[in-house]
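Each residue of the sequence shown is one higher than the last, beginning at 350 in the numbering used here.
Don't be surprised by glycine CBs; every beta carbon is placed ideally from N, CA and C.
One structure is given below, encoded as structure tokens.
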Amino acid sequence: MGFCSRLEPIEMPRPLPPTTVTQLTPDGRGAVATLSVSGPESLELVGQFFVAASGKSSRQQGMNAISFGRWSQPNGITEDVVVVRRSDDDIEISCHGGLAAASAIIGSLESLGAKRIDSTPWIAARTYGPLEADAWIALSRAKTERVAGILLDQLRGALRRAIGKVLSLVQAGDLDTAHSHLDQLIRHGSVGLHLTTPWRVAIVGEPNVGKSSLVNRLVGFDRSIVFDRPGTTRDVLTASTAFDGWPVDLLDTAGLRDSEDDIEQEGVRRAQKARGSADLAILVLDAQLGPAQLASEHARNIPNAIIVANKQDLASGNDWPEHVVRTSAMTGEGIASLIVAIMDRLVPEPPRADDPVPWTKPQLTVLRLAFSAVEDVDLVRCQRCLQDLVASARDVSSLPSELT
Ligand SMILES: Nc1nc2c(ncn2[C@@H]2O[C@H](COP(=O)(O)OP(=O)(O)O)[C@@H](O)[C@H]2O)c(=O)[nH]1
Ligand SMILES: [Mg+2]
């Protein structure tokens, strides 16, 4: 019975890695949710549910061609989807935003054995290093095109190259230039942090001067409460908007007036707190009451505020100093100048295309440490900080071609 020993070793088929499904867009935001199905069997699996409007099968679909159709589940429920075949092993599915459609699609793929994975490892496997992976995640949440453009530059390596440049300057002993490059990076960082967290601008002033009306004008639609009686805004209302592509939250606060009324006092307290946490305050005055208000306690208490004289349509001939922005929330006069004044304060030095911009607190902390190390002429410490920041980059050849 020696036949067992005579068996040739047979070539076992290697088990295929499982097909994975990953949601690339954040939960619950945006009109569209995007999923990625990866793995050698992804085409098979998607083909079980996807019915293209064109009638073509998934295999017939050209690479990177966009295919509309329906995702048809065994329970009879269908979803509108757009399917793009990115490679033999990578299929992108876009469906309605929110949770329901994406969950249904993920569920149907899971029922055939696909494994759901978090987007972090998915992104890590497709980006050059941790800096770029962070940029990708931030990019998926970008609220404006301008923000997306800056993050895309970082995804393409702007920050990594800038840090590499500083490292080579340090190695060459050119500390002055390294110092000024780091200084510039840190200054861009103060803008970068707000790519993912909007600037906060508090609108403050006496009741009835037109704060809520100004917020509505600035945002472009009616959002905060405007009421013809002093003291209406008790809560601090936040209106999210963007000026020139920069994300800004406007905080509409209660009046600054001292009040006997408990509820109104609470509003005033909240207003003060909002002002304290804001990046910039706008003090609104009633133009009808004239420039004498500039000497008021409020005006003196908020020394860095942009001062606005509102209700210009009702006031004429008042001599306001140059730095006061004149507006009418009623007619829209001066609103454009107010936006310019706000952005001059918040982003005095906007980064240009391809500029390196750090955008997270840890990045900025490390850059500051490197900066102080250069000042201390501690080159070893400086290099260690910067190398940590760009550490564990994969081989350049793994960079997706569209990013190089
Ligand atoms: N004519 C005129 N009325 C304004 C202007 N801005 C606000 N108002 C009116 O002033 C009143 C108080 O405005 P509101 O925005 O509620 O003031 P707030 O208490 O500072 O928030 C409302 O009747 C507004 O319609 C303006 O620029 N011109
Ligand atoms: Mg108000």
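CB-CB length for residue i against residue j, believed under 8 Å
| i | j | result |
| --- | --- | --- |
| R536 | P705 | Not a contact, Cβ separation roughly 11 Å. |
| F293 | S457 | Outside the displayed range of the chain (350 to 753) lies residue 293, so it cannot be described from this structure. |
| I684 | T676 | 6 Å |
| Q409 | A453 | The pair is not a contact, with the Cβ atoms about 25 Å apart (cut-off 8 Å). |
| V723 | L531 | 6 Å |
| I455 | I472 | With 8 Å as the limit, I455 and I472 do not qualify as a contact, their Cβ atoms being about 17 Å apart. |
| V370 | R465 | 5 Å |
| P367 | G462 | 7 Å |
| L534 | L716 | 5 Å |
Euclidean distance between Cα positions of residue i and residue j
| i | j | result |
| --- | --- | --- |
| G541 | K660 | 35 Å |
| A380 | L544 | 20 Å |
| R549 | L695 | 10 Å |
| R701 | L738 | 23 Å |
| E555 | L599 | 17 Å |
| I426 | V496 | 37 Å |
| V726 | L508 | 23 Å |
| V674 | E494 | 28 Å |
| S573 | D593 | Residue confidence for S573 is low, a pLDDT of 45 falling below 50, so the modelled location carries little weight and cannot support an answer. |
| G569 | P596 | 14 Å |
| V395 | E459 | 11 Å |
| L501 | T590 | 21 Å |
| V552 | I442 | Correcting the residue type first, residue 552 is Ile in the shown sequence and not Val. Straight-line Cα distance between these residues: approximately 43 Å. |
| K405 | G559 | 60 Å |
| I499 | D703 | 7 Å |
| L524 | A382 | 47 Å |
| F720 | G538 | 13 Å |
| E698 | E646 | 32 Å |
Three-state secondary structure assigned by DSSP to residue i
| i | result |
| --- | --- |
| A327 | What the structure shows of the chain is the stretch from 350 to 753, and residue 327 is not part of that stretch, so it cannot be assessed. |
| K710 | helix |
| N659 | strand |
| K464 | strand |
| Q422 | coil |
| D439 | strand |
| F720 | helix |
| E481 | helix |
| R756 | Lying outside 350 to 753, the shown extent of the chain, residue 756 is not represented and no answer is given. |
| R701 | coil |
| I472 | helix |
| I415 | strand |
| V432 | strand |
Per DSSP, the bridge partner or partners of residue i
| i | result |
| --- | --- |
| W548 | V597 |
| Q372 | L384 |
| V585 | In DSSP, V585 forms no bridge with anything. |
Segments of 4+ residues assigned as alpha helix (DSSP H) that fall wholly inside the region 510-545: 524-545
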